[in-house]
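**Q** There's a structure below that I have some questions on.
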Amino acid sequence: MARVEVALVEHARSRAGFVTEAASHLLSAGGKRFRPLLVLLAAEAGSHPDAPEVITAACVVELTHLASLYHDDVMDEAALRRGADSANARWDNHVAILTGDFLFSKSSELTADLGPEAVRIQAQTFTALVEGQILETVAPGPDEDALAHHLDVVSGKTGALIATSARYGALFGGTTPEVQQALTEYGTIVGSAFQLSDDILDIASESTESGKTPGTDLREGVPTLPVLIARASTDPGDARLLELLDADLTDDRLHAEALALLRAHPAMEQARQYVVGEAARAKALLAVLPPGPVRQALEAFADVVAVRSS
Ligand code: FPP
Ligand code: MG
């Protein structure tokens, strides 16, 4: 991870000083480096986890993720990211979008070094990310189940890149095709679980401990698992919450009331339990690996995602 960190700083450099500054802004602000860590962990299941391609692949996924955050904060009109000003707040939407493009192009340049299969995987991942992100802005059709639509969105916008992280690690670390497939599936499930946990935290966290402004999804009217579960309630005691969920929550007073009701609602615990179940499903896929420290680490990784607090 130390090598990845040094390489990332290099990859965020441009011949133009201002571009380097904008592209380094969120990189140096922090971040969990969850995706590159998964690349390295999955590579440990193979015959050559120390291959230089593994480090390159780790940079590819983090740069792609970073690029998507610059764009996402424009879409969400977010003010904070990783405890710092978002790029759109610090500069403006144009700078944020073009910096995201710059980071994605840097990621693509690096992917070319990994060969045509990696390029195809990255392109397909980008398609899934964008489709997921767009579908989030589109209400489900009249015959479509709202929860199924939401899980489809989550699997695209977050599951796909985390699946690719596990897949790249397995591929470039030298695992068998069977293990590559199992770890890709594991990554899809863990990736979706990661996003669902993130959304639960967005409601549950009291302060800006996540480095973001809590309650943003609710304010923006973006559906999340606890909200979808609460919406299905037929309990008359939930009438006020259901009314608020249909209201304009950009109003600070209504937003605070909705957030408080939702935090105290059993839907929060049901959503958490769903995520724990998904982590268990992901861990079961690790049966293709021999028992030992690598499998244990990947199991722990799934557990951390399910019960994360930041
Ligand atoms: C965060 O969601 C957003 C994503 C995980 C994906 C965003 C994807 C795009 C903007 C497509 C463009 C992609 C690239 C590579 C340029 P969130 O808003 O729920 O999470 P948050 O709470 O961290 O903001
Ligand atoms: Mg966002």
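Under this note's numbering, the first residue of the sequence shown is numbered 289, with each subsequent residue one higher.
All C-beta atoms in this analysis are idealised placements derived from N, C-alpha and C, irrespective of residue type, glycine included.
#1: Tell me the DSSP secondary structure of Ala427 in three-state form.
#2: Pull up the distance between the alpha-carbon of Arg301 and that of Pro465, whole angstroms please.
#3: Counting pairs of beta carbons, one from the stretch 348–360 and one from the stretch 309–323, are three or more of them closer than 8 Å?
#4: On the DSSP letters alone, give me the boundaries of the alpha helix (DSSP H) that Asp440 sits inside.
#5: Can you tell me the Cα-Cα spacing of Leu439 and Ala518, whole angstroms?
#6: Examine ligand 1 and report whether any of its heavy atoms sits within less than 8 Å of the Cβ of Asp373.
#7: Flag this pair as touching only if the stretch 446–460 and the stretch 513–533 have three or more C-beta atom pairs under 8 Å; answer yes or no.
#8: Hey, would you say the C-beta of Val349 is under 8 Å away from at least one heavy atom of ligand 1?
#9: Once the 5 residues before and after Leu423 are set aside, which same chain residues still bring their CB inside 6 Å of it?
#10: Go to Gly305, then tell me how far its alpha helix (DSSP H) extends in each direction, as first and last residue.
#11: For Arg551, which option in Val564, Ala520, Pro502, Leu586 has the closest C-alpha, if you only look at C-alpha atoms?
#12: Which residue or residues does DSSP assign as beta-bridge partners of His372?
#13: Using the three-state DSSP reduction, which class does Glu494 fall into: helix, strand or coil?
#14: Below 8 Å on the Cβ atoms is my contact criterion, and I expect Ala355 with Gly388 to pass it. Report the Cβ-Cβ distance as a whole number of Å.
#15: Of the residues Arg560, Gly334, Val383, His336, which one's Cα is nearest the Cα of Asp486?
#16: Does ligand 2 have a heavy atom nearer than 8 Å to the CB of Ala377?
#17: Figure out for me which residue from Glu293, Gln469, Ala555 has the closest Cα to the Cα of Thr344.
#18: May I ask you to check if the CB of Thr452 is nearer than 8 Å to at least one heavy atom of ligand 1?
#19: Using a 10 Å radius around the Cβ and a threshold of 16 neighbouring Cβ atoms, would you call Ser495 buried or exposed?
#20: Express the C-alpha separation of Gly509 and His336 in angstroms, rounding to a whole number.
#21: Is the stretch 364–376 touching the stretch 465–476 in the sense that three or more CB pairs, one from each, lie closer than 8 Å?
#22: How is Asp401 classed by DSSP in three states: helix, strand or coil?
#23: I want to check one thing, is the minimum distance from the CB of Ser356 to the heavy atoms of ligand 1 below 8 Å?
#24: Look at the alpha carbon of Glu309 and the alpha carbon of Ala384, and state the distance between them as a whole number of angstroms.
#25: How would you write the range of the alpha helix (DSSP H) that Thr352 sits in, first residue to last?
#26: Please name the residue, chosen from Thr452, Leu357, Thr425, Ala377, that lies closest to Val342 on a Cα-to-Cα basis.
**A** Quick answer:
#1: coil
#2: 35 Å
#3: yes
#4: 434–442
#5: 16 Å
#6: no
#7: no
#8: no
#9: Val441
#10: 305–317
#11: Pro502
#12: Note on identity: in this sequence residue 372 is Ala, with His being the wrong assignment. BP columns for Ala372 point to Arg369.
#13: coil
#14: 4 Å
#15: Arg560
#16: no
#17: Glu293
#18: no
#19: exposed
#20: 46 Å
#21: no
#22: helix
#23: yes
#24: 12 Å
#25: 340–364
#26: Thr452
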